[in-house]
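Please read the structure below before turning to the comments.
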Amino acid sequence: MAHSEEDILAGLAEIVNDETGLPADAVQKDKSFTDDLDIDSLSMMTIVTLAEEKFEVRIPDEEVKNLNTVGDAVSFIAQAQA
Amino acid sequence: MTKPTLAQPTPVLGSRILAVGGSRGSELVPNDDIVGPINSSDEWIQQRTGIRTRARAATGVTIKDLAVDAANDALDKAGLTGSDLDAVLVSTVTHFEQTPSLATIVTDAIGATPAPAYDVSAACAGYCYGIAQADALVRAGTAENVLVIGVEKMSDFIDPTDRTISFLLGDGAGAAVVGRSDTPGIGPTVWGSDGSQSSVIYQTHSWLDYRREELGEPVPETPETAEEVSQMTTPTLRQLGPTVFKWVISSMPNIARRAVDAAGLQLEDIDVFIPHQANMRITDQLLKLIKFREDIVVGRDIADTGNTSAASIPLATERLLREGQAKGGDIALQIGFGAGLAYAAQVVVLP
Ligand SMILES: CC(C)(COP(=O)(O)OP(=O)(O)OC[C@H]1O[C@@H](n2cnc3c(N)ncnc32)[C@H](O)[C@@H]1OP(=O)(O)O)[C@@H](O)C(=O)NCCC(=O)NCCS
């Protein structure tokens, strides 16, 4: 079952909240994982791993560095599950 | 005429760890002493890895010395001597002789000759591989007492200019004596490997390439490692750190749960969690994902000792017991993972 972009954003926000303690509503599409949300690469790998499980997609390691903003991750996941 | 039937040793019901001993490199090298050549900082290393110092062997101390110290510590605690041993297994990736094995040399040094002795190469999973073999040897009736040593002198292998792995690594040895038991003290091992990921933690070039280089022969280079080769001409270690991190947190929770299941236990039965001391962030993430009991005791020896590869689990065990955080009879889950990529997990009753 494909998730809508809104679902994916909400799911990511939950994962980010669990990993970093940031409030879920701080996780907006235009936010940069590193600059705005202060997520380091190990936290990012955790978020990616949990997102893979949650949305049943594969996010290759080489792809992770292209996911600068939350919006990048949402679009990647939306396309990957299609 | 019918063929005769072969005799076999009589299997025994169970095995257990009788004692765990350890020996750490005596120099605790702080982050500030190694950050120069890798343009890093004490703060960065502590935040990313939880490491404050790494144990490194003093000048002149060899990998054999570390292994013998740990072995004697374990034998003393078990109330045994070398002559009581029926087999000696040494897990290591830093014994720099193709042959003879480190195990034979250590066996002789601890008075265990003529016990059979051999090395195991499974990197950071090596100790758990050794325990799996020792358990099988004892239960099959092949051996009564088996010594398992995990030992590394990583300082002989690392590159001070490497930012990917060298700064994590320390020197040390841990040893366990495995013997017979009326009740099982070592659960079934859940283990495996994935050689398709052999370039995730890797040696920059082979010793054969190095030798060809010395002889002036052209050396084949693999594209993924070529750019990583440092000023060091001798082979050294590298890893894709984030890839390793992801592999561990995405696949090891399931291996851990399967080991608990294979032992016929529930997660709530586990008193102590002793993961390979790779990175404190990995340990914390595994804890979060596996969901043990609230009051679980956790091996965190890495903060002072660093990552000692095959030695890290027995050293963390030795410390928990010595400091009284864990006690004899506690049920522990131990899990090793690393280059190969190879992994192994088993539930053990602490001595
Ligand atoms: C090695 C490890 C600490 C690297 O940390 P990381 O956060 O994943 O590092 P990355 O390679 O993603 O790099 C992130 C940033 O840190 C910098 N960096 C990398 N290594 C660094 C070091 N040793 N010191 C300072 N900065 C470093 C990078 O340049 C990069 O900076 P940038 O964001 O400005 O470009 C980490 O990946 C790790 O420990 N992984 C687990 C693997 C493991 O434990 N293996 C043991 C064998 S089982």
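Protein chains in written order, with our numbering: chain A, 1 to 82; chain B, 1001 to 1351. Glycine included, C-beta positions come from ideal geometry on N, C-alpha and C.
For aspartate 1171/B, the enclosing beta strand (DSSP E) begins and ends at 1171–1181.
In this structure, alanine 1143/B places its C-beta atom within 8 angstroms of the C-beta atom of aspartate 1086/B. Distance from the C-beta of tryptophan 1191/B to the nearest heavy atom of ligand 1 is not below 7 angstroms.
Put simply, the backbone Cα of alanine 1173/B is about 43 angstroms away from that of alanine 73/A. Excluding its 5 nearest sequence neighbours in each direction, threonine 20/A has C-beta neighbours in its own chain below 8 angstroms: Leu37, Asp38, Ile39 and Ser43, listed in chain order.
Note that the C-beta distance between aspartate 61/A and threonine 1164/B is not below 8 angstroms.
Residue-level contact by beta carbon holds for arginine 1281/B and chain A, with a gap shorter than 8 angstroms. Classified as buried, arginine 1016/B has 16 or more neighbouring CB atoms from the shown chains inside 10 Å of its CB. Listed in chain order, the non-local C-beta contacts of alanine 13/A below 7 angstroms within the same chain comprise Ala24 and Val27, local neighbours out to five positions each way being set aside. Sixteen is the threshold: since fewer than 16 other Cβ atoms of the shown chains lie within 10 Å of the Cβ of glutamate 56/A, the residue is exposed. Judged by their CB atoms, glutamine 1203/B and leucine 1168/B are not nearer to each other than the 8 angstroms cut-off.
For phenylalanine 1167/B, the CB falls within less than 7 angstroms of some heavy atom of ligand 1.
Taking 4 residues as the shortest admissible run, the segment 1076–1149 of chain B contains the following complete alpha helix (DSSP H) segments, listed from N- to C-terminal end: 1102–1109 and 1126–1139.
When the beta-carbon positions are compared, aspartate 1301/B and alanine 1316/B come within less than 8 angstroms of each other. Boundaries for serine 1199/B: no alpha helix (DSSP H) harbours it, and the DSSP string shows neither H nor E there. In summary, arginine 1056/B is buried, with 16 or more beta-carbon neighbours lying within 10 Å of its beta-carbon over all protein chains present.
A contact is defined here as three or more CB-CB pairs under 8 angstroms, and the segment 1331–1342 of chain B meets this definition with respect to the segment 1269–1286 of chain B. In this structure, glutamine 1239/B lies away from leucine 1341/B, with their beta-carbon atoms at least 8 angstroms apart. A distance criterion of 7 angstroms places the beta-carbon of valine 48/A beyond contact range of ligand 1, judged by its closest non-hydrogen atom.
With a contact defined as Cβ atoms closer than 8 angstroms, proline 1314/B and valine 1020/B qualify at about 6 angstroms. Here the alpha carbon of proline 1037/B sits roughly 36 angstroms from the alpha carbon of asparagine 17/A.
As a beta-bridge residue in DSSP terms, tyrosine 1343/B pairs with Gly1192/B and Phe1337/B.
Taking the beta carbon of aspartate 61/A as reference, the chain B residues within 8 angstroms of it are Leu1240, Pro1242, Thr1243 and Lys1246, listed in sequence order.
Serine 1206/B is not bridged by DSSP to any residue. When beta bridges are read from the DSSP output, isoleucine 47/A appears opposite no residue. When C-alpha distances from serine 1250/B are compared across Val70/A, Ala51/A and Gln81/A, the shortest belongs to Ala51/A. For arginine 1048/B, the residues of chain A that pass the 8 angstroms Cβ criterion are Asp40 and Leu42, in the order they occur in the chain. In this structure, asparagine 1031/B has its CB at a distance of at least 7 angstroms from all heavy atoms of ligand 1.
Pairing leucine 1018/B with valine 1178/B gives a Cβ-Cβ distance under 8 angstroms. Here tryptophan 1247/B is buried. Its C-beta has 16 or more other C-beta atoms within 10 Å. In terms of Cβ geometry, aspartate 1073/B and glycine 1022/B form a close pair [threshold 8 angstroms]. For isoleucine 1034/B, the three-state secondary structure derived from DSSP is coil. With its beta carbon at least 8 angstroms from every one in chain A, isoleucine 1186/B lies outside the interface. The three-state secondary structure of isoleucine 59/A, taken from DSSP, is coil. Put simply, the CB of valine 48/A is near chain B, with a gap under 8 angstroms to one of its CB atoms.
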